[in-house]
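A.B. asks: The structure's right below; bear with me while I get my questions together.
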Amino acid sequence: MASLRDVLGFYRPYWPLAAASIGAASVLEVVDLAVPYATGQILNVLSRQPLDGPVQQWVEELARWTGRPVEGVLALAVLMGIIFVVTVVRAPIQPWLGQWFHWDISLRARRDNFRQALEKLLRLPLEFYDENNPGRIAGMVARGVSNHTWTYPEVAGQLIPKLFRVLAIFVVIWLIEWRIAIAFGVSFALILGLTFWKLKRLVAIEERLERYEEDTESRTSEIITNIKTVKAFATERSELARQNRRFERELLVIDYRIHLGYVQLSTLRATLVQASMFGVLGFTLWETLAGRISLGHFVTTLTVSSMAYSEVSPIGELAEVFARRYASMIRFHEFMATPEGTDTVSLAPAAATVPVVQPFAGELTIENLSFGYDPNRPVLENIDLKILPRQTVALVGRSGSGKSTLVKLLFRYFEPTQGLIRIDSQDIRELDVAGYRRRLAIVHQEVDVFNGTLLENLLYGNPAATPDQVREACRIARVDEFALKLPRGYATVVGERGLRLSGGQRQRLGIARALIADPDVLIFDEATSSLDYESERAIQLAMGDVFGTRTTIVIAHRLSTIREADAIVVLDGGRIVQVGTHQDLLTQPGLYRRLHTLQETGELVG
Ligand SMILES: Nc1ncnc2c1ncn2[C@@H]1O[C@H](COP(=O)(O)OP(=O)(O)OP(=O)(O)O)[C@@H](O)[C@H]1O
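Residue 468 in the UniProt record's numbering sits at position 468 of the sequence shown, with consecutive numbering throughout.
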């Protein structure tokens, strides 16, 4: 669970500048008090009452310097001089000390934290993305960072300096008449104490609301992602109704619990402030009438105490704003503390000590491998497999038999619960994870296309590829066949804001992209399953040209894709049940022959 310490830690790199700017802003708030003080002293001069000791000394000092007699005019000049410095001279300095540095720190921290959040996102394991959809993640990060950005200048530039100002006012009143100071101090402590007590309770509600809102955002994000399904099933109305119920609930909590709480707090605060001010007025008047304080001090005390009480509302409001944003800041820090697991480039164990052995030949050995997403529910059990360099091995089996999971383990997205995988005799856990993954490439069933030109997409895994490499890969993957027909050829923008590629074209782009990365091990994960016959045939031909050029693993439901494989590995319930060539396996009774017969004839045979 993140805490206030994490929130403050956000600004750790900037602490010297932060301390200096907060200190300067506080000093400005405090020196401002010289104005009512000097005004009170002017009143004393005008009503022929004595000046305070230090002021009298300054006047005498100035009289000595200038050779003029100590008189009222000189005293007024000193006091006016003080007021001039504190108001007119201070005015152009204030925005720099009061705004520039706080916003400068805040905006720098914003940049750093967006960067760190992205670094975190890039390092988090795939499991995190299985559990959190893009809407939830983006909302959490954006709200957390932007609330930090807005809050820091308010807290550093206003809240803290104002608290110092109130403290200084307390000291000034104390110096004038300690009894009034105590009455003032007690009333202030009571008001602030009540404010913070109430805010703590409101923060707890805000934290619960934050989580609820995240779930709402997450659903909205799913609606966007799955919009085709929503439209196809015509569930727009029910989706709207469902979200509307959540919005209504949110409104009820925000309005009747949080907002109401803040208004109650403001009511209480305003009443206490006015009552306290009235009390201080009465008490000061009493002390003045009793002759214990001068007329000047009467005015000064009333002015500074009303200045202090007038700070109560802004302090309270700033504290409220902080409280309202605190929950999302805490969520952001919880996100930043999410464990990164082993699926991270920089945290690979022994990455620094064990160099990548280059080049790989592409021999893969899987030894007694077991794994389960939930340790009590094994998905793969005791897998033993050896794939020689440049061999093509197909993984087949029923849906859910663990084929994709095996590939995820090969990519080191998860740690096996038992056993290990070696590449060219080296345990893959000992290799630098980024260096190792660059030796692999995968063509998924759904090929991701980034917003950019076709060429940029092709070069995604290897921007340094030569034109010849690109040309050759595009020839093998049959990208050239469609690329030249695009409006601007390879310079055509595809993806989010560009031309939509068909399923077959995306697949071919995926294969070319993988080939351009020149991997030692290439994996096709059901690359043809979603395609029509013609596109499938084109992809099969492309794959056929790749077979034998590097170690290749093909996951396929359509067995026609893998007839040429050197070995076919049949998985069932997370175990290897058969291994052999297409011909071998057809001659044996078993799962492969059953699946094959089913695909050829549509008949289920025992
Ligand atoms: N991220 C995950 N978290 C938890 N369980 C998972 C996850 N991914 C897959 N599984 C489970 O692991 C088992 C194997 O899934 P896997 O995707 O490896 O099978 P597959 O053979 O590739 O299936 P298909 O051919 O349908 O793609 C399934 O029971 C599935 O529910």
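Beta carbons are placed, not taken as given, at the ideal position from N, Cα and C, and that holds for glycine. These numbers were taken from a predicted model, which means no experiment stands behind them.
1. Could you tell me the distance, in whole angstroms, from the CA atom of A542 to the CA atom of H557?
2. Touching or not, the region 120-131 and the region 163-171, by the rule of three or more beta carbon pairs under 8 Å?
3. Does the Cβ of Y11 have 16 or more other Cβ atoms within 10 Å, making it buried, or fewer, making it exposed?
4. Can you pull every residue whose C-beta falls closer than 5 Å to some heavy atom of ligand 1, listed in chain order?
5. Nearest to L486 by alpha carbon, out of V312, L499 and G495?
6. Quick check on DSSP: helix, strand or coil for D374?
7. Could you give the first and the last residue of the continuous alpha helix (DSSP H) run that contains T288?
8. Report the residue from E250, L268, A138 and P467 whose alpha carbon sits nearest the alpha carbon of K198.
9. Taking the straight line between their C-alpha atoms, what separation do you get for I539 and T417?
10. Counting C-beta neighbours from all protein chains within 10 Å, is the total for G72 16 or more, i.e. buried, or is it exposed?
11. If you compare alpha carbons, which of Q49, R325, I191 and I224 is closest to I205?
12. Can you grab the Cα-Cα spacing for the pair E526 / A234, in whole Å?
13. Answer yes or no: do I258 and S404 have a C-beta to C-beta separation smaller than 8 Å?
14. For V357, which three-state DSSP category applies?
15. Use the C-beta contact count for F84: other C-beta atoms within 10 angstroms, 16 or more gives buried, fewer gives exposed.
16. At which residues does the alpha helix (DSSP H) containing V171 begin and terminate?
17. Would you report the Cα separation of residue 649 and Y533, rounded to the nearest angstrom?
18. Pull up the DSSP beta-bridge partners for I366, would you.
19. Comparing C-alpha positions only, which one of V577, L369, M307 and F114 sits nearest to K162?
20. Look at the Cβ atom of A514, then the Cβ atom of I442, and state whether they are nearer than 8 Å.
21. With H, G and I counted as helix, E and B as strand and the rest as coil, what does DSSP make of A394?
22. Is there contact here, the region 558-569 with the region 578-589, by at least three beta-carbon pairs under 8 Å?
23. I believe P50 touches Q158 by the beta-carbon criterion, under 8 Å. Please report the beta-carbon distance rounded to the nearest angstrom.
24. Going along the chain, which residues of its own chain have a beta-carbon closer than 7 Å to the beta-carbon of L74, five neighbours each way excluded?
25. Suppose you measure from the CA of T353 to the CA of F414; what does that come to, to the nearest Å?
26. On the criterion of 16 or more Cβ atoms from any shown chain inside 10 Å, does G139 qualify as buried, or is it exposed?
27. In the DSSP assignment, the alpha helix (DSSP H) including G67 goes from what residue to what residue?
28. How do the region 106-124 and the region 20-28 stand: do at least 3 beta-carbon pairs fall below 8 Å, yes or no?
C.D. replies: Taking the definition as stated:
1. The sequence position of residue 542 within the sequence shown is 542, counting from 1. The sequence position of residue 557 within the sequence shown is 557, counting from 1. Distance between the alpha carbons of A542 and H557: 18 Å.
2. no
3. What you label residue 11 is simply residue 11 of the sequence shown in a count that begins at 1. Its Cβ being crowded by 16 or more others within 10 Å, Y11 is buried.
4. D130, Y373, V379, S399, G400, S401, G402, K403, S404 and T405
5. Here the question's residue 486 lines up with position 486 in the sequence shown. That would be L499, whose Cα lies nearest to the Cα of L486.
6. Here residue 374 refers to the residue found at position 374 when the sequence shown is read from its first residue. Note: D374 maps to strand in three-state DSSP.
7. Sequence index remark: in the sequence shown, residue 288 carries index 288 (1-based). Its alpha helix (DSSP H) spans residues L260 to L289.
8. Numbered from its first residue, the sequence shown carries residue 198 at position 198. Per the Cα distances, L268.
9. Numbered from 1 along the sequence shown, position 539 holds the residue referred to as residue 539. Numbered from 1 along the sequence shown, position 417 holds the residue referred to as residue 417. If I take the Cα positions, the gap works out to 35 Å.
10. Within the sequence shown, residue 72 is the residue found at index 72, counting from 1. Classification for G72: exposed.
11. Here residue 205 refers to the residue found at position 205 when the sequence shown is read from its first residue. Of Q49, R325, I191 and I224, the residue nearest in Cα terms is R325.
12. Within the sequence shown, residue 526 is the residue found at index 526, counting from 1. Within the sequence shown, residue 234 is the residue found at index 234, counting from 1. Whole-angstrom Cα-Cα distance: 30 Å.
13. For the purposes of this step, residue 258 is identified with residue 258 of the sequence shown, where counting begins at 1. For the purposes of this step, residue 404 is identified with residue 404 of the sequence shown, where counting begins at 1. No, they are not a contact pair.
14. Stepping through the sequence shown from its first residue, residue 357 is reached at position 357. Confidence at V357 is low in this model, with a pLDDT of 49, below 50, so its placement is unreliable and no value can be given for it.
15. Reading the sequence shown from its first residue, position 84 is the one you call residue 84. Counting Cβ neighbours within 10 Å, F84 comes out exposed, since fewer than 16 surround it.
16. As a working mapping, residue 171 is identified with position 171 in the sequence shown. I160 to I176 is the extent of the alpha helix (DSSP H) around V171.
17. The first residue shown for the chain is 1 and the last is 606, placing residue 649 beyond what the model contains.
18. To locate residue 366, count along the sequence shown from 1; it is residue 366. L385 and I421.
19. The residue you call residue 162 lines up with position 162 of the sequence shown. Answer by Cα proximity: M307.
20. By 1-based counting over the sequence shown, the position of residue 514 is 514. By 1-based counting over the sequence shown, the position of residue 442 is 442. Yes.
21. For the purposes of this step, residue 394 is taken as residue 394 along the sequence shown, with counting starting at 1. Strand at A394.
22. yes
23. As a first step, residue 50 is located in the sequence shown; it is residue number 50 there, counting from the start. As a first step, residue 158 is located in the sequence shown; it is residue number 158 there, counting from the start. Between Q158 and P50 the Cβ distance is about 37 Å, and since that is not below 8 Å, they are no contact.
24. Taking the sequence shown and counting its residues from 1, the one referred to as residue 74 is at position 74. Closer than 7 Å at the Cβ level, and outside the excluded window around L74, lie V59, L62, A63 and R68.
25. Walking along the sequence shown from the start, residue 353 turns up at place 353. Walking along the sequence shown from the start, residue 414 turns up at place 414. In this predicted model, T353 has a pLDDT of only 44, less than 50, meaning its place in the structure is not dependable; the value taken from the coordinates is given anyway. Cα to Cα, T353 sits roughly 22 Å from F414.
26. As a first step, residue 139 must be located in the sequence shown, where it is residue number 139. With 16 or more other Cβ atoms from the protein chains shown falling within 10 Å of its own Cβ, G139 counts as buried.
27. Reading the sequence shown from its first residue, position 67 is the one you call residue 67. Where G67 is concerned, there is no enclosing alpha helix (DSSP H), given that its DSSP letter is neither H nor E.
28. no
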